[in-house]
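In order, the protein sequences belong to chains R and C.
In terms of the working numbering, the first sequence has 423 at position 423, counting the first letter as 1, and numbering is strictly consecutive.
In terms of the working numbering, the second sequence has 359 at position 359, counting the first letter as 1, and numbering is strictly consecutive.
A virtual CB, placed ideally from N, CA and C, is assigned to each residue, including glycine.
Presented below is the structure to which this report refers.
Number of protein chains: 2
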Amino acid sequence: MQRMNYIQDYIESHKDRFLQELFGLIRIPSISSEKEHKEDMIKAAEYWKKSIREADADKAEVITTKGNPVVYGEKIIDPLLPTALVYGHYDVMPVDPLDLWESPPFRPEVRNGRIYARGADDDKGQAFMQAKAFELMVRTNTLPCNIKFMIEGEEEIGSPSLAAFCEAHKEMLKSDIILVSDTGMVSMDCPSVTVGLRGLAYMQVELTGPDHDLHSGLFGGAVANPVNVLTKLIAGLTDENGKITIPGFYDDVQLVSTEERDLMAKAPFDEEAYKQAIDVVALDGEAGYTTRERTGIRPSLDVNGIWGGYTGEGSKTVLPSKAYAKISMRLVPNQNFKTISRLFEKHFLAIAPDTVKVKVKELHGGQAYVSPIDTPGYLAASRALETTFGKAPVPVRSGGSIPIISTFEQILGVKSILMGFGLESDACHSPNENYPLENFYKGIETIPYFFKYFTELMK
Amino acid sequence: MQRMNYIQDYIESHKDRFLQELFGLIRIPSISSEKEHKEDMIKAAEYWKKSIREADADKAEVITTKGNPVVYGEKIIDPLLPTALVYGHYDVMPVDPLDLWESPPFRPEVRNGRIYARGADDDKGQAFMQAKAFELMVRTNTLPCNIKFMIEGEEEIGSPSLAAFCEAHKEMLKSDIILVSDTGMVSMDCPSVTVGLRGLAYMQVELTGPDHDLHSGLFGGAVANPVNVLTKLIAGLTDENGKITIPGFYDDVQLVSTEERDLMAKAPFDEEAYKQAIDVVALDGEAGYTTRERTGIRPSLDVNGIWGGYTGEGSKTVLPSKAYAKISMRLVPNQNFKTISRLFEKHFLAIAPDTVKVKVKELHGGQAYVSPIDTPGYLAASRALETTFGKAPVPVRSGGSIPIISTFEQILGVKSILMGFGLESDACHSPNENYPLENFYKGIETIPYFFKYFTELMK
Numbered sequence: 001m002q003r004m005n006y007i008q009d010y011i012e013s014h015k016d017r018f019l020q021e022l023f024g025l026i027r028i029p030s031i032s033s034e035k036e037h038k039e040d041m042i043k044a045a046e047y048w049k050k051s052i053r054e055a056d057a058d059k060a061e062v063i064t065t066k067g068n069p070v071v072y073g074e075k076i077i078d079p080l081l082p083t084a085l086v087y088g089h090y091d092v093m094p095v096d097p098l099d100l101w102e103s104p105p106f107r108p109e110v111r112n113g114r115i116y117a118r119g120a121d122d123d124k125g126q127a128f129m130q131a132k133a134f135e136l137m138v139r140t141n142t143l144p145c146n147i148k149f150m151i152e153g154e155e156e157i158g159s160p161s162l163a164a165f166c167e168a169h170k171e172m173l174k175s176d177i178i179l180v181s182d183t184g185m186v187s188m189d190c191p192s193v194t195v196g197l198r199g200l201a202y203m204q205v206e207l208t209g210p211d212h213d214l215h216s217g218l219f220g221g222a223v224a225n226p227v228n229v230l231t232k233l234i235a236g237l238t239d240e241n242g243k244i245t246i247p248g249f250y251d252d253v254q255l256v257s258t259e260e261r262d263l264m265a266k267a268p269f270d271e272e273a274y275k276q277a278i279d280v281v282a283l284d285g286e287a288g289y290t291t292r293e294r295t296g297i298r299p300s301l302d303v304n305g306i307w308g309g310y311t312g313e314g315s316k317t318v319l320p321s322k323a324y325a326k327i328s329m330r331l332v333p334n335q336n337f338k339t340i341s342r343l344f345e346k347h348f349l350a351i352a353p354d355t356v357k358v359k360v361k362e363l364h365g366g367q368a369y370v371s372p373i374d375t376p377g378y379l380a381a382s383r384a385l386e387t388t389f390g391k392a393p394v395p396v397r398s399g400g401s402i403p404i405i406s407t408f409e410q411i412l413g414v415k416s417i418l419m420g421f422g423l424e425s426d427a428c429h430s431p432n433e434n435y436p437l438e439n440f441y442k443g444i445e446t447i448p449y450f451f452k453y454f455t456e457l458m459k
Numbered sequence: 001m002q003r004m005n006y007i008q009d010y011i012e013s014h015k016d017r018f019l020q021e022l023f024g025l026i027r028i029p030s031i032s033s034e035k036e037h038k039e040d041m042i043k044a045a046e047y048w049k050k051s052i053r054e055a056d057a058d059k060a061e062v063i064t065t066k067g068n069p070v071v072y073g074e075k076i077i078d079p080l081l082p083t084a085l086v087y088g089h090y091d092v093m094p095v096d097p098l099d100l101w102e103s104p105p106f107r108p109e110v111r112n113g114r115i116y117a118r119g120a121d122d123d124k125g126q127a128f129m130q131a132k133a134f135e136l137m138v139r140t141n142t143l144p145c146n147i148k149f150m151i152e153g154e155e156e157i158g159s160p161s162l163a164a165f166c167e168a169h170k171e172m173l174k175s176d177i178i179l180v181s182d183t184g185m186v187s188m189d190c191p192s193v194t195v196g197l198r199g200l201a202y203m204q205v206e207l208t209g210p211d212h213d214l215h216s217g218l219f220g221g222a223v224a225n226p227v228n229v230l231t232k233l234i235a236g237l238t239d240e241n242g243k244i245t246i247p248g249f250y251d252d253v254q255l256v257s258t259e260e261r262d263l264m265a266k267a268p269f270d271e272e273a274y275k276q277a278i279d280v281v282a283l284d285g286e287a288g289y290t291t292r293e294r295t296g297i298r299p300s301l302d303v304n305g306i307w308g309g310y311t312g313e314g315s316k317t318v319l320p321s322k323a324y325a326k327i328s329m330r331l332v333p334n335q336n337f338k339t340i341s342r343l344f345e346k347h348f349l350a351i352a353p354d355t356v357k358v359k360v361k362e363l364h365g366g367q368a369y370v371s372p373i374d375t376p377g378y379l380a381a382s383r384a385l386e387t388t389f390g391k392a393p394v395p396v397r398s399g400g401s402i403p404i405i406s407t408f409e410q411i412l413g414v415k416s417i418l419m420g421f422g423l424e425s426d427a428c429h430s431p432n433e434n435y436p437l438e439n440f441y442k443g444i445e446t447i448p449y450f451f452k453y454f455t456e457l458m459k
């Protein structure tokens, strides 16, 4: 597992251009959850198409869907060789609260060795490493297998169009492995491969009390306040042990063996550093589980947003008509997000008092995912990381969700390898998202080894 | 108690001008809680000064305070006659949610016999009746007593400068009665005089969990979410019987006798119509009390606003750093709002877990008020209303607060008479605030009788 000079040399000669090309992609504010960015989605897709085409792919196209388009590319060097499908996404999360950003989210800049911008890591920075690694292999004549690209624009809103896209293009997307760079690693000293992802059920609730805002003096105490009611309903969704109280919620949760929990506990984890990084004095979660277990093998319920009544400066003595919350649940194998969404809706409607009208809607969701560690895909990733990082990676379960990964397995019948280079400090989905330059270049270096070892292992 | 023609005649001859003059006042967006309206406060004060001066007052001035200015006016016809001090306010509440207004809040218009605008009732429409009734008495040479005006610009934010103003101008403000038109009546068929007002303690809380927004997948379940925590804290402030759980909260609540409660129960109240007017199928409040009692003689706790996390379109999987709420409590005699604010703060900090940092601040407050019904002031109001409405009014306790009224009693040693002409359907503090033209003109007609009877009763 020798590092090869031609890879490092190619990166060294082209590193500034790689970065400038990534910046071009980042500058497109392709926020998939906000309608006003529809045009930007097309621009980002076209940018990707151009990158793949210029790296000398046989095919590079922007394929329309019911939602945002998918970029598809391929280079088939020999039908008898294995084929890898690279998946990534060109869409990004919203940027608010904007005032907490130290530099504008769509004007990438490098500070202290890190790229600061929305999408710097998730997933423009990471997915673009795949584009540049592909270019490197093509230009250095070292492409060991066939490569396909599928880059979508709806990952951050739950990939609503991608399942249908996969169904419609099964033959075109045929592959032996799906490679994804959209996750993190424990640290630069402890490379890791993500072997588990949580599922997601994302709901929105709307409570209506009186049909218009009332004077809180004239009516307060006699008319149920929908915000007060909402706090009671949400408060009741979890108990004092951090357990979710929705009936049936845990029925399908796969219990992880004591043996496996012991193994997981061996991965390095510095709880003090973890707390310090987010500036909290105490952590909290489900009783009986460690911090890593709470995000890795257990489901959770978070209010992602709440609003109602007067939220401006000063005071307004209003008894609001409406109260809203966005509430999401992270799920683990074998919870089905559709089942959980229905259980949530049923329970929420059941516990709501008749003083308010309640609407519950599912915004999006996805299934959890686990991948075995004895496959050619995992072994190739392990060896690739060992080559460039000097030590074998640990397999970890992430708390995040890439809902489409389990869909790929269902529709395309192929496992995915989540070889990501992000760090916890990258602030994905937060203000000041960033991605270290070191990780960007190390990623580009590592990816060619993955294809090399994967091709060898498949022989 | 005969209605006198000259009053009705004067109103009839000048009704269009009265309305246009009120519209001029309403068009000034004098929202006291929003800093960008500082200039508008001055404009509204100057408008009032001009109105009083043009009605031939001896004095009409705009007096600066630490906050918004106070308009002072007087006409002393004979130092030996009684003196009444008219109190009102020229500031109004904020207007959001703006999209629910059927016409722009500061462009008054008459639809179906009602003036629609912010301040149409509270308190531009009502206070301006006092200005026009004053003009009427002066122009018809029927002013029976001395009259003073004190119109402030900070009522909707708790009158922070008015106590100091009263302290500084005790001699100037000397009077035998304070007359206020800033409350409602049961209905046009059931005139009423407000003899009780609730106090107010208005707080804002801010919770900080992690120091920046986190990815709810990577951290959800392991890090306390400040919005989830906030819902638990607020939910716990009231119990299943609608009682407020803050230790000591009820200690000073004046219990109302069964006899007085029975008397109150005789005032007409149509619960079905009440529910229909606000479109709710069920009411809720403190167990053991009727709807009228819940707003009249019992304290309450309402969330006036709540916000945190992502509140835009679609979904964002964020574990927010911050959560906020504006929480106000309506108080009854003899609760002290300063004591209650301190109890709230102490309790809220005590119940907050160490997973979050908590800030509590008091935004404003005021004491509750009760007035006896055997005084010349009450009797004069009762006879005045009987003259123009054809039946004696019922004394009622309002759930609202005019915090300054109890301050007047403390500093100036004078009781206030709350003779208001608003209706519950006026939507004060809400979108589409309105005020019936009939009430506006009936108010102008009734007020001169008050001064007449009051002067007679004081002989």
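Query, Result
"Distance between I31 of chain C and D58 of chain C (C-alpha atoms, nearest Å)", "29 Å"
"Alpha-carbon to alpha-carbon, D374 of chain C and D239 of chain R", "55 Å"
"Beta-bridge pairing of W468 of chain R - partner residues as DSSP gives them", "The displayed coordinates of chain R run from 1 to 459. Any statement about residue 468 of chain R would go beyond what the structure contains."
"Cβ contact (3+ pairs, closer than 8 Å) linking the region 294-303 of chain R and the region 207-222 of chain R", "no"
"Neighbour list for L218 of chain C in chain R, Cβ cutoff strictly below 9 Å", "G184, T295, S398, G399, G400, E424, C428 and H429"
"Residue-level contact to chain C via CB, D354 of chain R, 8 Å cutoff", "yes"
"Touch test, the region 296-315 of chain C against the region 94-105 of chain R, Cβ-Cβ under 8 Å, three pairs minimum", "yes"
"Distance between S51 of chain R and A392 of chain R (C-alpha atoms, nearest Å)", "31 Å"
"Chain-ordered neighbours of Y202 of chain C on chain R, where CB pairs are closer than 8 Å", "S315 and T317"
"Helix, strand or coil at F269 of chain R [DSSP, three-state]", "coil"
"Within 8 Å, strictly: CB atoms of N304 of chain R and E102 of chain R", "no"
"Sequence-distant residues of the same chain with beta carbon closer than 7 Å to A287 of chain C, five excluded per side", "N241 and G242"
"Cβ distance (whole Å) where K322 of chain R is taken to contact E206 of chain R below 8 Å", "7 Å"
"8 Å Cβ shell around P247 of chain R - same chain, five flanking residues per side excluded", "L343 and H347"
"Option in R:F454, R:K459 and R:G443 with minimal Cα separation from Q8 of chain R", "R:G443"
"C-alpha gap between S208 of chain R and T317 of chain C, whole angstroms", "It should be pointed out that residue 208 of chain R corresponds to Thr in this sequence rather than to Ser. Their backbone Cα atoms lie some 24 Å apart in a straight line."
"Any chain R beta carbon closer than 8 Å to K338 of chain C", "no"
"Extent of the continuous alpha helix (DSSP H) run through F134 of chain R", "K124 to R139"
"Cα-Cα separation between K459 of chain R and L179 of chain R, rounded to whole angstroms", "18 Å"
"Cβ pair count under 8 Å reaching 3, the region 146-160 of chain C against the region 71-89 of chain C", "yes"
"Cutoff 8 Å: T407 of chain R Cβ touching any chain C Cβ", "no"
"Residues sharing a beta bridge with C166 of chain C, DSSP", "Answer by DSSP bridge pairing: none, since C166 of chain C is not bridged."
"Proximal chain C residues relative to H212 of chain R, where beta-carbon distance stays under 9 Å", "L100, I278, D279, A427, S430, P431 and N432"
"Pick from C:Y116, C:G153, C:K43 and C:D16 that is closest to A427 of chain C, judged by C-alpha positions", "C:Y116"
"C-beta neighbour in chain R for N225 of chain C, strict 8 Å", "yes"
"Proximity of I461 of chain R and A381 of chain R at Cβ, strictly below 8 Å", "Any question about residue 461 of chain R goes unanswered here, given that chain R covers just 1 to 459."
"C-beta atoms of F106 of chain R and I26 of chain R nearer than 8 Å", "yes"
"Beta-bridge partners of V396 of chain R, as assigned by DSSP", "R:T194"
"Counterpart residues of V71 of chain C in DSSP-defined beta bridges", "C:V62 and C:I151"
"Residues of the region 72-95 of chain C with Cβ closer than 9 Å to any Cβ of chain R, in chain order", "M93 and P94"
"Listed by chain order, chain R residues near R330 of chain C by CB distance under 8 Å", "S216, G217, G220 and G221"
"Closer than 8 Å to chain R by CB, D270 of chain C", "no"
"Under 7 Å from the C-beta of W307 of chain R: neighbouring residues of chain C", "I306, W307 and T311"
"Whole-angstrom distance between N225 of chain C and A201 of chain C, CA atom to CA atom", "27 Å"
"Spatial neighbours of V110 of chain R in its chain, beta-carbon cut-off 7 Å, leaving aside the 5 residues before and after", "L437"
"Closer than 8 Å at the beta carbon, the chain C residues around A287 of chain R", "In chain order: nothing, as chain C lies at least about 12 Å away."
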